[in-house]
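Engineer: Quick one: the structure is below, and I'll ask about it shortly.
In this note's numbering, the protein residues as written are 5 to 645.
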């Protein structure tokens, strides 16, 4: 049976999963078997149960994961720390029981009845590296500076044998050595009218409770709704995107892929070790870019974190290139020019190399739209650099670069300045992304979809800390020095020029979007407009940056004069909508009033969209008492009356 409505409002006990996929590098893996994970849909043929045991002497950096499902094919991708000689995907009922010798024979041309073998292409990630701050053992990272790291992505578009799910595994070889992954399940694209369960998760960032969140979420969602068919993730997958270990093997046990593949091993705030959930081996993932997928200026930095915090607007880097082009690129090579500008501005190259995503004609993988069963998904590039809140009225004492000011010491170095919280990809009227969004919202694919979801890292509505300053291009104010004193530069963010509220949200309202799903501020809160558009920010994996609401007692920092205080809201939602109190079991204030948010570090919060019923359900688990299980606290429908 796929789902059980009788579980509404009840706590779901969480049961540990067990397996022994010991050949994923540096991971102790405890997950469900293939058969246990995929069970639940009576109408879908189940594959023959397959062993989840890897074989061979090599190690994978990740289990395989799924991308780009089509009607009769799907991409399988995985990562290794070696180039290898051959890489293949095997599909068929027998793959889980194949021995190492049989796997070797299959990938060297042998014929195995009932098993198809597809060769994979390989790509070395171009920018991943490690530095002294990487959470690796001392002999796995440089003692100083930034050192490139060899990471290879292997991928193959494989034919799906027929309806339903089919076991698969991957095999990589190097010389006489081999590694065969565990066995997992794949299928083609979800069909129109086919019920699906979509995990909604965000802002993992290798946080302490992320594996706990994903393990509890996977167990709860599958128990209540059924197998997870897809994952929507609106950004902040890691902290520093060019640091390889944050994606693959951070020794704390909470790297991105291990946590979403049930291969993590991090102690949470309750003192227990959690593995995450075995999800993306079986279900395709659709991410959006958050500010933590954007690496800053790599040139002149010896720390990946310093690089991350020093993105420079592309126009500034291009202008600076013009001053040095004769020296750095005397032949005028366009590739050298592009590399110099990327190294001196910002880059999403690592994110784009790690994933195979749908593309748009103007933004490539950075923003896109695709159909996932009955859902038309629109993924936007809606984020900016996050900067701290220092605001010194006296320019002569400014030592910090922040959202509001430039450090005095950087005023003569255009590449060292911060330029406020500048937007990475414009969404204003007339921009390429806005024009594309208008076309997409007017397309037949969007208009004819049963459900429409827009996914964006920063959304137009929210109670979080990051709801201010307004989402607009920073207004730079040059401050001349007084009587020979040094001048300064500061930034204002006029509230009336908030691009999300002025230029983007009206498109959602006019198009009748069903759900706008965002992250960024690490809390749960939702809103509904008069037109019935649902706005959900659900990014609390167990660490929150606060909810700034009268019932929380918290207020955002407002810059002093000469900044204009009217541009910045201390409490409440700058977007104007009132937050919705959870419909089933809201948390309560000290005096018993229901809270329209969850911003509690003791809670892990997760949610899912069930397209069969058209409902979005949210649960929390109190990490102080996980034995009580998951509490369903909110549910709402995307079906309009």
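Here a beta-carbon is modelled for each residue, glycine too, at the ideal position from N, C-alpha and C.
Output yes or no for whether 8 Å exceeds the beta carbon distance between residue 295 and residue 387.
Structural biologist: Taking the chain shown and counting its residues from 1, the one referred to as residue 295 is at position 291. Taking the chain shown and counting its residues from 1, the one referred to as residue 387 is at position 383. Contact flag set, yes.
Engineer: Could you check where the beta strand (DSSP E) with residue 611 kicks off and where it finishes?
Structural biologist: Along the chain shown, read from residue 1 onward, the residue named residue 611 stands at position 607. Counting along the chain, the beta strand (DSSP E) containing residue 611 begins and ends at 607-614.
Engineer: Report, in whole angstroms, the separation of the C-beta atoms of residue 246 and residue 131, which I expect to be a contact under 8 Å.
Structural biologist: Position 242 of the chain shown, counting from 1, holds the residue named residue 246. Position 127 of the chain shown, counting from 1, holds the residue named residue 131. That belief holds up - the Cβ atoms of residue 246 and residue 131 are roughly 5 Å apart, short of 8 Å.
Engineer: Distance, Cα to Cα, residue 367 vs residue 330?
Structural biologist: Reading the chain shown from its first residue, position 363 is the one you call residue 367. Reading the chain shown from its first residue, position 326 is the one you call residue 330. Between residue 367 and residue 330, the C-alpha separation is close to 30 Å.
Engineer: If you run the structure through DSSP and keep just helix, strand and coil, what is residue 635?
Structural biologist: Translated into positions along the chain shown, residue 635 becomes position 631. Correct three-state label for residue 635: strand.
Engineer: Considering only residues of the same chain and omitting the five flanking positions on each side of residue 104, which have a CB-CB separation below 7 Å?
Structural biologist: Translated into the one-based positions of the chain shown, residue 104 becomes position 100. Hits under 7 Å: 59, 60, 182, 184.
Engineer: For the alpha helix (DSSP H) holding residue 109, just list the boundary residues, first then last.
Structural biologist: Position 105 of the chain shown, counted from the start, is the residue given in the question as residue 109. Here the alpha helix (DSSP H) through residue 109 covers 104-111.
Engineer: Per DSSP, what are the beta-bridge partners of residue 157 in this structure?
Structural biologist: Working through the chain shown from its first residue, we reach residue 157 at position 153. Paired residues: 83, 127.
Engineer: Restricting to runs no shorter than 4 residues, where is the alpha helix (DSSP H) found entirely within the stretch 462-543?
Structural biologist: Runs found: 509-515.
Engineer: Rounded C-beta distance between residue 160 and residue 101? I'm assuming under 8 Å.
Structural biologist: On the chain shown, residue 160 is found 156 positions in, with the first residue counted as 1. On the chain shown, residue 101 is found 97 positions in, with the first residue counted as 1. Not quite, the Cβ-Cβ distance comes to about 22 Å (not below 8 Å), so this is no contact.
Engineer: Closer than 8 Å by C-beta to residue 643: which residues in its own chain qualify, once you throw out the five before and the five after it? Chain order, please.
Structural biologist: On the chain shown, position 639 is the one that residue 643 refers to. Result list for residue 643: 618, in chain order.
Engineer: Nearest-angstrom Cα distance between residue 611 and residue 428?
Structural biologist: For the purposes of this step, residue 611 is taken as residue 607 along the chain shown, with counting starting at 1. For the purposes of this step, residue 428 is taken as residue 424 along the chain shown, with counting starting at 1. So the alpha carbons of these two residues sit roughly 28 Å apart.
Engineer: Mapping the DSSP letters down to three states, classify residue 190 as helix, strand or coil.
Structural biologist: Residue 190 sits at position 186 when you count from the first residue of the chain shown. DSSP places residue 190 in strand when its eight states are reduced to three.
Engineer: Distance check for residue 337 and residue 546, CA to CA, integer angstroms please.
Structural biologist: Walking along the chain shown from the start, residue 546 turns up at place 542. Walking along the chain shown from the start, residue 337 turns up at place 333. Straight-line Cα distance between these residues: approximately 48 Å.
Engineer: Within the stretch 370-448, note down every full alpha helix (DSSP H) run reaching 4 residues or more, in order along the chain.
Structural biologist: Listed in chain order, they are 436-445.
Engineer: Please report how far the alpha carbon of residue 47 lies from the alpha carbon of residue 199, in whole angstroms.
Structural biologist: Start at 1 with the first residue of the chain shown, and residue 47 comes out as number 43. Start at 1 with the first residue of the chain shown, and residue 199 comes out as number 195. Unreliable positioning characterises residue 47 in this predicted model, as indicated by a pLDDT of 43, which lies under 50. The coordinate reading is nonetheless provided below. Spanning the two alpha carbons is a distance of roughly 11 Å.
Engineer: Can you pull the DSSP bridge partners for residue 592?
Structural biologist: For the purposes of this step, residue 592 is identified with residue 588 of the chain shown, where counting begins at 1. According to DSSP, residue 592 bridges with 598.
Engineer: Can residue 280 and residue 265 be called in contact, C-beta distance under 8 Å?
Structural biologist: The sequence position of residue 280 within the chain shown is 276, counting from 1. The sequence position of residue 265 within the chain shown is 261, counting from 1. Yes. Within cutoff.
Engineer: Need the endpoints of the beta strand (DSSP E) that residue 220 sits in, please.
Structural biologist: By one-based count along the chain shown, residue 220 stands at place 216. Segment 214-228 is the alpha helix (DSSP H) holding residue 220; no beta strand (DSSP E) there.
Engineer: Using only alpha-carbon positions, find the residue among 269, 444, 419, 144 that is nearest to residue 363.
Structural biologist: As a working note, residue 363 is residue 359 in the chain shown. Residue 444 is the option with its Cα nearest to residue 363.
Engineer: Mapping the DSSP letters down to three states, classify residue 572 as helix, strand or coil.
Structural biologist: As a working mapping, residue 572 is identified with position 568 in the chain shown. In the structure shown, residue 572 sits in coil (DSSP, three-state: anything other than H, G, I, E or B).
Engineer: Since residue 206 and residue 542 should fall inside the 8 Å C-beta cutoff, what is the C-beta to C-beta distance between them, to a whole number of angstroms?
Structural biologist: The residue given as residue 206 occupies position 202 in the chain shown. The residue given as residue 542 occupies position 538 in the chain shown. Yes, residue 206 and residue 542 are in contact; Cβ-Cβ is about 7 Å, under 8 Å.
Engineer: Less than 8 Å between the C-beta atoms of residue 269 and residue 257, yes or no?
Structural biologist: Taking the first residue of the chain shown as position 1, residue 269 is located at position 265. Taking the first residue of the chain shown as position 1, residue 257 is located at position 253. Closer than 8 Å, so yes.
Engineer: For residue 71, write down the residues that DSSP places opposite it in a beta bridge.
Structural biologist: Position 67 of the chain shown, counting from 1, holds the residue named residue 71. For residue 71, which the question treats as bridged, DSSP gives the partners 79.
Engineer: Please return the same chain residues whose Cβ sits closer than 8 Å to the Cβ of residue 535, not counting the five positions on each side in sequence.
Structural biologist: In the chain shown, counting from the first residue as 1, residue 535 sits at position 531. For residue 535, where only same-chain residues beyond five positions count, the Cβ hits under 8 Å are 513, 516.
Engineer: Can you say whether residue 399 is buried or exposed, counting buried as having 16 or more other CB atoms within 10 angstroms of its CB?
Structural biologist: On the chain shown, residue 399 is found 395 positions in, with the first residue counted as 1. Result: buried.
Engineer: Give a yes or no on whether the C-beta atoms belonging to residue 192 and residue 75 are separated by under 8 Å.
Structural biologist: Within the chain shown, residue 192 is the residue found at index 188, counting from 1. Within the chain shown, residue 75 is the residue found at index 71, counting from 1. A contact, by the Cβ cut-off of 8 Å.
Engineer: Residue range of the alpha helix (DSSP H) that residue 328 falls in?
Structural biologist: Numbered from its first residue, the chain shown carries residue 328 at position 324. Residues 318-332.
Engineer: Among residues of its own chain, excluding the 5 on either side of residue 555, which ones have a beta-carbon nearer than 7 Å to its beta-carbon?
Structural biologist: In the chain shown, counting from the first residue as 1, residue 555 sits at position 551. Counting only Cβ-Cβ distances below 7 Å, and skipping sequence neighbours, we find 593, 597, 599.
Engineer: DSSP state of residue 355, grouped into three classes?
Structural biologist: Start at 1 with the first residue of the chain shown, and residue 355 comes out as number 351. Helix, per DSSP.
Engineer: Quick one: Cα of residue 219 to Cα of residue 277, how far?
Structural biologist: Along the chain shown, one-based indexing puts residue 219 at 215. Along the chain shown, one-based indexing puts residue 277 at 273. So the alpha carbons of these two residues sit roughly 10 Å apart.
Engineer: Only counting the same chain, and skipping five residues up and downstream in sequence, which positions put a Cβ closer than 8 Å to that of residue 563?
Structural biologist: Taking the first residue of the chain shown as position 1, residue 563 is located at position 559. 393, 395, 408, 569, 572, listed in sequence order.
Engineer: With DSSP as the reference, label residue 349 as helix, strand or coil.
Structural biologist: What you label residue 349 is simply residue 345 of the chain shown in a count that begins at 1. Three-state result, residue 349: coil.
Engineer: Could you pull the DSSP bridge partners for residue 135 from this structure?
Structural biologist: Working through the chain shown from its first residue, we reach residue 135 at position 131. In the DSSP output, where bridge partners are listed per residue, residue 135 has 150.
Engineer: Can you tell me whether residue 127 is buried or exposed, with buried defined as 16 or more other CB within 10 angstroms of its CB?
Structural biologist: Counting from 1 along the chain shown, the entry for residue 127 is found at position 123. The residue is exposed, with fewer than 16 neighbouring Cβ atoms inside 10 Å.
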